[in-house]
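Enquirer:
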Amino acid sequence: MGQGMGLDRDAIRPDWAVLIVAVSARGDRAAFAELFAFFAPRIKSFMLRSGESEVQAEELAQEAMLMVWRKAALFDPAGASASAWIFTIARNLRIDAKRRTRRESALVAGDVDDEFHIDEAPLPDARLAETQTEANVRNALAQLPPDQLRVVEMSFFQDRPHAEIADALKIPLGTVKSRLRLAMRRLRSLLGEET
Amino acid sequence: MSIAHHPSEALLAAYGAGRLDAGEHIAIATHLLACAQCRAFVRAVEQAGGSVLAELTPVPLSADALASVEARLQQAPERFSPAKAPPHQKMAGLPRFVQTYPFDEWRSVAPALQARTIRLPHASLARVFLLKAGPGTRLLEHTHSGVEMTCVLEGGFSHKDGHFGPGDFDFGDSSVDHRPLIDDGVDCVCLVAMRGRLDINGILGRLIQPFVRL
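Note that the protein sequences, when read in sequence, are chains A and B. Numbering follows UniProt numbering, with no gaps: position 46 of the first sequence is 46. Numbering follows UniProt numbering, with no gaps: position 195 of the second sequence is 195.
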C-alpha cells in the first residue's frame, strides 16, 4: 500500500483501448502480450491485497487475462476506460472465486456479470455521461487530500470492516468513517453531480 | 420520475468495488435500475477502480504464465456466457437477474402486511424479500439490530425523513427509529434486504412482535 495510488500522469504508456480493440478485431497476440505484461501483475497485486492466497491470486490473474481475450469484443472504447473495464473483470472474477471456494453457489462464472448488468434507461442528460470519463475521475481523485485517498484506496481492496482500516492506519474508527464519507462526497461533487 | 432518496456514497462505492453482501447488492441494484445519477456515480467508482488498478505495484506472475494463458486462448470457453435463465417473476422495477431467482408465495406477517421471500442462489448475510403494505397502514415503530435497506417498487410511504416513492432508497440501522406511514390509495411494495432482527419498541410492539414474523 506504500505507493498509494500516486497518479502518475507522466508515465508514457500504450493506449490500452487500442490494444484491446486489436485483440477483438484480429486476435492480435502481440497486443494481448502487451496487455498481459502490464495488467496481469497488477491484477495479481489486486487479488493479493484482497486477501487471496499467492496461488489463487496467480490463477485469478491468468483467468482475468483470459477473460480479457474472450470478452474483447464487448469492450466499447467510447465507454469505460480500458483499465476500468479490466478492473470490473477482475472484480467479478474475485466475487465468483469467493463464492466457489465457500461452495456457496451452484452457479457458474458469468452470473456475477449479470448481477452488475442493469438494464438501464438512457441517461437523462449527456452531461452525466461526460462525468464518467477517466480523465475526470483521475482529476477528481487527484484533488482528494491524501488521507482521504488512503481510506478510499483501502476500502477498494479490502473486505475489511472499517474497524480494521482504523487499526491499520492507527486512526479512530470515527475518523475512517468520516474520511471515507468526505472523500466520496467530494468525489461526487467533483464529478459535477448534484445530490 | 424524480428520486429523492439515494444510497450513501460509501454504499455505492462498496457496490462498485464488489464488496457488498449478495442481498445488499440486490437492494442497491434495484435502486440503480431507477436512478441514472447513481448509475453514473457507480461508473465513476469503477473508473476509479481502474485507475487504482493501473497504479498498483505489480507482483510478477510465474515465468510461464503468459505461455499457459496463450495455450488456452483457442480453447472453447467452458464457462463463459451460460444460457440466460428465463425470469421466474416478471416484476417492474426489479433488475433482470433478480427476476430469475425463485420467489416464495406471499404470506401474511402482520395485519395489512405481506412478505414474499426471494431465494438467493448465494449465501448472504441479508435476507431479501418483497414487502407489501396496505394503503394508509402505519407500520410499527421499530429499530433494527442489524441493517435494513429498502427500495420502493410501487406506491410509497413517509416517515420523518420524508416521502419515499418508486426508486427511492431507505437505509435503517440501530440508530434509526422510524414509523413509516403508507400512502393512501394504493398498496406499497418494496424490496427489502435485511440483516439482523427487527426490534419493535414500546409495550404494544413487544406484545405484537411475536406476530410479526420477519
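Note that beta-carbon positions come from the ideal geometry of N, C-alpha and C, so glycine has one too. In this text, all values refer to a predicted model and were calculated from it rather than measured experimentally.
At a CB-CB cut-off below 7 Å, which residues of chain B make contact with Asp114/A?
Expert: Near Asp114/A (Cβ distances below 7 Å), the residues of chain B are Phe97.
Enquirer: Run down chain B in chain order and give the residues with a C-beta less than 8 Å from the C-beta of Phe46/A.
Expert: Neighbours of Phe46/A on chain B, chain order: Leu53 and Leu56.
Enquirer: Considering only the alpha carbon of each residue, which of Lys132/B, Gly196/B, Val186/B and Asp187/B lies closest to Gly172/B?
Expert: Per the Cα distances, Gly196/B.
Enquirer: Under 8 Å, with one C-beta from each stretch per pair, do the stretch 68 to 85 of chain A and the stretch 43 to 61 of chain B reach the 3-pair mark?
Expert: A contact exists between the stretch 68 to 85 of chain A and the stretch 43 to 61 of chain B.
Enquirer: How close, in whole Å, do the beta carbons of Ser51/B and Leu141/A come, if the pair is a contact with beta carbons under 8 Å?
Expert: About 6 Å separates the two Cβ atoms, so the contact holds.
Enquirer: Measure from the C-beta of Leu107/A to each C-beta in chain B and report whether the shortest distance is under 8 Å.
Expert: With a pLDDT of 49 at Leu107/A, under the threshold of 50, the modelled position of that residue is not reliable, and the figure given next carries that caveat. It does; some Cβ of chain B falls within 8 Å.
Enquirer: Of all the beta strand (DSSP E) runs that stay within the bounds of the stretch 12 to 98 of chain B, which reach a length of 3 or more residues?
Expert: The qualifying runs do not exist here; there are none.
Enquirer: Spell out the partners DSSP gives Met67/A in its beta bridges.
Expert: DSSP, once it has assigned bridges, lists no residue as partnering Met67/A.
Enquirer: So is Leu94/B in contact with chain A if we call contact Cβ pairs under 8 Å?
Expert: Answer no: the Cβ-Cβ gap between Leu94/B and chain A never drops below 8 Å.
Enquirer: Is Glu54/A buried or exposed, if buried means 16 or more other CB atoms sit within 10 Å of its CB?
Expert: Exposed.
Enquirer: Quick one, which of Ile20/A, Pro145/A, Ile43/A and Ala25/A has its alpha-carbon nearest Phe32/A's?
Expert: Checking every option, the nearest Cα to that of Phe32/A belongs to Ile20/A.
Enquirer: Does any residue of chain A bring its CB to less than 8 Å from the CB of His5/B?
Expert: No, its Cβ sits nowhere closer than 8 Å to a Cβ of chain A.
Enquirer: Check the Cβ-Cβ distances between Ile89/A and every residue of chain B, and say whether any is below 8 Å.
Expert: No, Ile89/A lies away from the interface with chain B (no Cβ there is under 8 Å from its Cβ).
Enquirer: Assign Arg42/A to one of two classes, buried (16 or more other C-beta atoms within 10 Å of its C-beta) or exposed (fewer than that).
Expert: With 16 or more Cβ atoms within 10 Å of its Cβ, Arg42/A is classed as buried.
Enquirer: Counting only beta-carbon separations shorter than 8 Å, does Glu52/A have a partner in chain B?
Expert: For Glu52/A, the answer is no, since every Cβ of chain B falls outside 8 Å of its Cβ.
Enquirer: With distances taken Cα to Cα, identify the nearest neighbour of Leu169/A among Gln148/A, Asp113/A, Asp76/A and Ala72/A.
Expert: Residue Gln148/A is the option with its Cα nearest to Leu169/A.
Enquirer: Name the DSSP bridge partner or partners of His163/B?
Expert: Answer is Ser158/B, bridged to His163/B.
Enquirer: Using only the alpha-carbon positions, how far apart do Gly155/B and Arg96/B sit?
Expert: About 21 Å.
Enquirer: Roughly how far, in whole angstroms, is the beta-carbon of Phe129/B from the beta-carbon of Val192/B, given that I think they are within contact range, below 8 Å?
Expert: Confirmed, Cβ separation roughly 6 Å.
Enquirer: Using a C-beta to C-beta distance shorter than 8 Å, which residues of chain A count as neighbours of Ser62/B?
Expert: Result: Glu58.
Enquirer: Report all residues from its chain with a CB closer than 7 Å to the CB of Leu20/B; omit the five preceding and five following residues, and keep chain order.
Expert: Taken in chain order, the residues that qualify are Ala14 and Ile28.
Enquirer: What in chain A is Cβ-close to Glu46/B, meaning under 7 Å?
Expert: Those are Ala80, Ala84, Phe87 and Thr88, listed as they occur along chain A.
Enquirer: For Ala17/B, which residues in the same chain have their Cβ closer than 6 Å to its Cβ, ignoring the five residues on either side in sequence?
Expert: The answer is none, since no qualifying residue turns up.
Enquirer: Once the 5 residues before and after Thr30/B are set aside, which same chain residues still bring their CB inside 8 Å of it?
Expert: The residues are Gly93, Leu94, Pro95, Val98, Cys151, Leu153 and Leu191.
Enquirer: Just the C-alpha distance for Gln37/B and Ala4/B, rounded to the nearest angstrom, thanks.
Expert: Going by the C-alpha atoms only, they are around 11 Å apart.
Enquirer: Pick from Met67/A, Ala90/A, Gly27/A and Ile86/A: whose alpha carbon is nearest that of Glu52/A?
Expert: Glu52/A has its Cα closest to that of Ala90/A, out of Met67/A, Ala90/A, Gly27/A and Ile86/A.
Enquirer: In chain order, what residues of the same chain have a beta carbon less than 6 Å from the beta carbon of residue 213/A, not counting five sequence neighbours either side?
Expert: Chain A is shown only over 1 to 195; residue 213/A falls outside these bounds and no answer can be derived.
Enquirer: Comparing C-alpha positions only, which one of Ile118/B, His163/B, His25/B and Gly146/B sits nearest to Pro180/B?
Expert: With distances taken between Cα atoms, Pro180/B lies closest to His163/B.
Enquirer: Using the DSSP secondary-structure output, state which residues sit across from Leu191/B in a beta bridge.
Expert: Per DSSP, Leu130/B and Cys151/B.
Enquirer: By how many angstroms is the C-alpha of Met194/B removed from the C-alpha of Pro60/B?
Expert: Whole-angstrom Cα-Cα distance: 42 Å.
Enquirer: Kindly say whether Gln62/A, judged by its beta-carbon, lies nearer than 8 Å to any beta-carbon of chain B.
Expert: For Gln62/A, the answer is yes, since a Cβ of chain B falls inside 8 Å of its Cβ.
Enquirer: Classify Ala4/B as helix, strand or coil using the three-state DSSP reduction.
Expert: In the structure shown, Ala4/B sits in coil (DSSP, three-state: anything other than H, G, I, E or B).
Enquirer: Just the Cα atoms here: how many angstroms apart are Phe169/B and Ala37/A?
Expert: Straight-line Cα distance between these residues: approximately 42 Å.
Enquirer: Is the Cβ of Leu181/B closer than 8 Å to any Cβ of chain A?
Expert: For Leu181/B, the answer is no, since every Cβ of chain A falls outside 8 Å of its Cβ.
Enquirer: Helix or strand or just coil, what does DSSP make of Ala166/A?
Expert: In this structure, Ala166/A counts as helix in the three-state DSSP scheme.
Enquirer: When we look at the beta-carbon of Pro145/A and count the other beta-carbons within 10 Å, is it buried (16 or more) or exposed?
Expert: Looking at its Cβ environment, which holds fewer than 16 other Cβ atoms inside 10 Å, Pro145/A is exposed.
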